[in-house]
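Chains as they are written, first to last, in our numbering: chain A, 384 to 1034; chain V, 12 to 302; chain B, 7 to 142. We treat Cβ as the ideally placed atom computed from N, Cα and C, and that holds for glycine. Remember, predicted model here, so these are calculated numbers, not experimental data. Before any comments, here is the structure.
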C-alpha cells in the first residue's frame, strides 16, 4: 500500500495552531505512508493539482487529505483523485481543523498531538478501504411542491415550464399565500393583484401542473428519485367540477366567521371563496361553522341557491397517492400572534393590531376598500404608532432573531398611511433601520421625506389605554428623552415565525427544523436550498423569513436543484451502504428497529436481514445495534474502526 | 399547618396591624405562622454587587434559624424582605464558593447549605391554601368594593424571584376576587412607588404616587391594595400633600391585602388597625356596609 | 454632558472593575433603549439608563458623576424588560457601590430632621442608607 498524506494549512485556521512540520515528520513514519506534503490551501486549484501530480508521480494508491470537515470538501478531493484514475473511495479526509486546531486554539502542542493521531487513524482506515462504484437507481421525473404561496408558485412554474410534471399541494382553499394578503409591496409599490394573480392563473392553467388546493401531505415514503406521497384532499362539500365561483352561495349563507384571509379584520361566511381572485375560484364549506354540517340537518340555503347544483354535504375527504422524484417544501411563515405581546396590549385592545392586519386595512381590495379606519370604532386614526421588533431581537422574552422584512414594510405602511390620511401622523419606533436590498435604502429615504413620519430610535416599553387613547411609552435614545404618545392606532411589526404545522410536516418528510421550526438547510452557506435528506429541497420563507424578491430567487433556485436532480432517468447514489454477512446474521431484527429509513427487512424465507441499498443512507445505526457484527457499513468495517480507535486511544 | 415566618422590622412596628391581620386571617385558614425564635434584619434591599458578602450574612443566619424550626420554607409578609431574602438565597445557591465564604464568617454557626426556600404569604395562600378554600371562609364578602391591586416591584422583579407573570400578574386579583371584591385593573400596578427615594427625593416619590393613584381613580377604583409596607407607606402618607398640590385630587385609602382578608373573614375590626392609616378608610368601608 | 469622547482612552480597567462588581456583561447591549422606556424615574435623570450603559461600554468614568444611578430606585423594570437579559439594576448598584467605597455618602443621616426620622418607617431608612451611604 502506497499512501500519500496531504496537510492543508487552511491559511492560519490550521497552521496558526498546529505544528505542520511536526505533523509531517511524525506521519511520515507511519507504515504505508510514502509521501507527506503540505500546502496553504489544499482545496484551491494549485492544491488540487499538487495532489493529482503526486498521485501520478509517486504511484499512490490511497490518499489522506488532512484538512477541514469532510462535509465541506470530501467530494472535491474524491473527484479530484478520480480524475487521475484513483478510485474516489481510496481518498479520506482527516479533519484536523474542526477536531484539532479550532477547539484547542490555546494549546498548540496537545492539538498537534491530537492531529497526528487523527491523521494516522485515517491512514489506517484508507489502507483497508475497498474501491467502490456509485450505485445507480431509476427516478420518477415528477416533483411535489408543498405550499402555494409565491415560493411554491414560482418553483412550480419553473419546473412545469421545463417540461416536468408538478403536483402543487396547498392546504388552504386558494393558492397565493401571504403575498396575496399584502396591500402594495416595497420598494416599488406594485400591488399583488397586479403581479401575483397572473402567476396564480398561470398555475391553474398550466398543463404540467396538478393543483391540489385544500389538501395536505400526510405521508411520505421512499427515497430520492422515488418518493411515494399520500395527499389528503379535504372535503370542501362543494363539487369543484361544477362550481363556477359565482358566490351566490356565500350571499345567502347566514353564518359569519372571522376571516382568515383578512386576519380577523372582516368576516366571511361559512361557505366562502377566500378572496375574489382566488385560484381555484371555487367555494368551500367550513365544516366547523356550517349549520348543516354541525347539526346534520336544517339550513342548506346554499344548496337551494347554487345554480350549478354543486353543493354536496355528503362529500368525504380522500387520500390520493402520487409518485415523485423530488419534493420542494415551500410552506412559508406566519406572524407571531399579537396577543402574546401582553405588555403591548396585543389581544387586549382592538386598536393594537399586527402589521399583517394593517396590510388588509391598507389594501385597496381589502375589507375597507383601502380606507384607513381602526377596528374598534371604524374611525380614521389620526395618530398611528408603528412598533418595530415586536417580539424580534428579544432572546430574553421572544424570538432572538431579526425578522428581516419589518423595517421595509413598516416604512411602506407609514407611506401608504400618509397617502390615505394626509392629515394623519405616523410615529415609527425602531432600533436599527435595516434596508438590505436593491432600492430599499432609497425607498426608506423617500418615506422619510414623503410620509414625514417621525422615526424614534428606541424600543417601546409598554402600551396601555388611558382616556380613550393608547398610551405608548417609549424612548428616543437620540435625544436621550423618554417618549409618551397618545395614539389612535398601534401597529405591531410582530416577529415572523415558522408556519403552523411545519414541525409535523417535517416529521412526515423526515427533514429537520431548527429550534424555532424554520427548516434546516444542509449547509447554511453552501447548500441553503437542500435539506439533509437528499431529494427534498426548501423554497422561500420556510427556511427563514425573507422578502418577495429573495423568496422568488430562492424558489427558482430550489426548482433548478430539483430539475438538475431529475435531468436524467437514473441517478447515482453513494455506495457507502450497509451490507449483511449472511453466514453470521441470526435474523434478530435489532437492525430493522434501529433503521430510521426503513431500509432493512428480515427475509421471511431465509430469516436473514436484507438491505434495500436505495433506501440506505449509510448512517451506521444498524451496525451499532447488531449483536454479532453481521451487519456492517461498507468502508466503516468493525476491523477498520477498531484499528482507528487503537491509534486514537494510544497514550 | 405550621410554617416558619420571618416578620422583618415594619411588621413589628409601624405596620404591626398588617401582621396582626395576617395572623388572625391565617388562623382562620388553619395556618400557623411560627415566628423565627431569633431573627435579624434582612437588610431591606438585596445587595446586588457580586463581591458583596458581609451583607448576606444576616439572611444566611435567618435561614439557619428556619432550619432549626424544622422547616424548609420561610414565609414573609413584606415584599422587601421577600425580595432580599430570596435574591440573597439564590446568590448563595448559585455560588457555592461564595456560600462557603459566608459560612466562614459565622464561626459559631452550623454551615448553611442553601436548602431553604423563601416564599411570600401570597404564594402560600395561592399554592398551598388555595383561593377556593379562602372563598369558603368569607363571612362578609367585600361586595361592591372596587379595589385596585398594586404589586409594586419586588414581588415580580427580577424574574428569578417573580411570584407571578412579570407582565400580567393575577395573584392579587384572584385573592381579592375570592374575598368578593370588584377588581379595578390599573396599568400602573407594577410601576415603582419611589421606594426609598421618599427620603432624599420625596418630590419624585410623590409624583409617582400621584400617577399611580390617579390611574386608579380614573378607572373607578375606590381603594388600592398593596403587599409591601413601604409601598403602603408611600401610597398612603404621600397623598396628603397631593390634595394640597393638585386641586380636585381624590384621596384613596390604601389597604394591605391581609387587612382585607381579615375584614372579609369577619374578624374583629381591631386587628385591622385602621386608625393607623393616613387616608381615612372608615367612610369607604362604612358606605359599603363592611364595618 | 458636552465634549467629545476620546476613544483611544477607553478605560478597560474601569470596565473590568464594573463587570467584576456587577457581574454584568455590558458589551451585550445593542442600545435599544428599552431600559429607559421602562424606567419610571427617567424624567428625573440627567442621562438615560441606556446612556449609563453606553458610558460604561466606552469605559467612560464620567458615568460616576451622573445622577442617574442615584435616582434609580432599584425597581428592576429595566432588568425585566431588557431583551438581552442585561441586569441594568445590578449595573447601577455597581456604579453606586464604586462611589460609596470611596467613602462618599449621597445621603447625610444627620441632615434628616429628628421629626422626619421619627416619622419615617425603618424600612425606608435602612434601604435608603444601604443604597446611599458608605457606612451601613
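In the assembly as shown, residue 819/A is an exposed residue. Its beta-carbon has fewer than 16 other beta-carbons within 10 Å.
For residue 24/V, at least one C-beta of chain B is nearer than 8 Å to its own C-beta.
CA-to-CA, the gap between residue 489/A and residue 483/A works out to about 11 Å.
Beyond the five residues adjoining it in sequence on each side, residue 74/V comes within less than 6 Å, by CB distance, of 123 and 127 in the same chain, given in chain order. At a Cβ-Cβ threshold of 8 Å, residue 822/A and residue 764/A do not count as neighbours. Between the beta-carbon of residue 406/A and that of residue 498/A there is about 6 Å, and that keeps the pair under the 8 Å contact cut. Below 8 Å, enough C-beta pairs join the stretch 706 to 719 of chain A and the stretch 915 to 933 of chain A to call them touching: three or more.
Checking the DSSP bridge columns, you'll see residue 34/B has no partner listed. At least 8 Å separates the beta-carbon of residue 481/A from that of residue 505/A. Here residue 387/A has 416, 417, 418, 419, 420, 434, 437, 438, 441, 443, 445, 446 and 447 as same chain residues with Cβ atoms under 8 Å from its own Cβ, once five neighbours each way along the sequence are excluded.
For a cut-off of 8 Å, the C-beta gap from residue 878/A to residue 782/A is around 4 Å, short enough to register as a contact. Under the DSSP definition of a beta bridge, residue 613/A partners with 602/A and 704/A. Here the stretch 575 to 590 of chain A lies against the stretch 533 to 550 of chain A, with 3 or more beta-carbon pairs under 8 Å apart. Looking at the backbone, the Cα of residue 959/A and that of residue 935/A are separated by about 36 Å. Under the three-state reduction of DSSP output, residue 491/A falls in the helix class. Collapsing the DSSP output to three states places residue 769/A in a strand. Taking C-beta separations shorter than 7 Å and ignoring five residues to either side along the sequence, the partners of residue 461/A in its chain run 471 and 474, following chain order. At a cut-off of 8 Å between beta carbons, residue 856/A contacts chain B.
With 16 or more other CB atoms across the displayed protein chains lying within 10 angstroms of its CB, residue 550/A is buried. Contact between residue 614/A and residue 604/A does not hold, since their C-beta atoms are separated by about 13 Å, which reaches or exceeds 8 Å. The alpha carbon of residue 564/A has as its nearest neighbour, out of 737/A, 911/A and 829/A, the alpha carbon of 737/A.
Listed by position along chain A, the residues whose Cβ is nearer than 9 Å to that of residue 53/B are 863.
Rounded to the nearest whole angstrom, the CA to CA distance from residue 828/A to residue 847/A is 31 Å.
Residue 246/V: member of the alpha helix (DSSP H) spanning 240 to 248, first to last residue. Interface residue (Cβ-Cβ distance to chain A less than 8 Å): residue 160/V is not classified as such. Distances from the CA of residue 601/A to each of 558/A, 661/A, 701/A and 778/A were compared; the closest alpha carbon is that of 701/A. Secondary structure note for residue 869/A: its beta strand (DSSP E) is the uninterrupted segment 864 to 870. It is roughly 56 Å from the alpha-carbon of residue 131/V to the alpha-carbon of residue 748/A.
At a Cβ-Cβ threshold of 8 Å, residue 715/A and residue 882/A count as neighbours.
The three-state secondary structure of residue 974/A, taken from DSSP, is helix. Non-local C-beta neighbours of residue 517/A in its own chain, meaning closer than 8 Å and more than five positions away in sequence, comprise 955, 956, 957 and 958, ordered along the chain. Taking C-beta separations shorter than 7 Å and ignoring five residues to either side along the sequence, the partners of residue 797/A in its chain run 769, 809, 811, 830, 834 and 836, following chain order. Within the stretch 969 to 1014 of chain A, the runs of beta strand (DSSP E) that reach at least 3 residues and sit entirely inside it are, in chain order, 983 to 985 and 992 to 994.
Inclusion of residue 23/B and residue 76/B in the CB contact set at 8 Å is not warranted, their separation being larger than that value. Taking a Cβ-Cβ cut-off of 7 Å, the neighbours of residue 57/B in chain A comprise 863, given in sequence order. With fewer than 16 neighbouring CB atoms inside 10 Å of its own CB, residue 1029/A falls in the exposed class.
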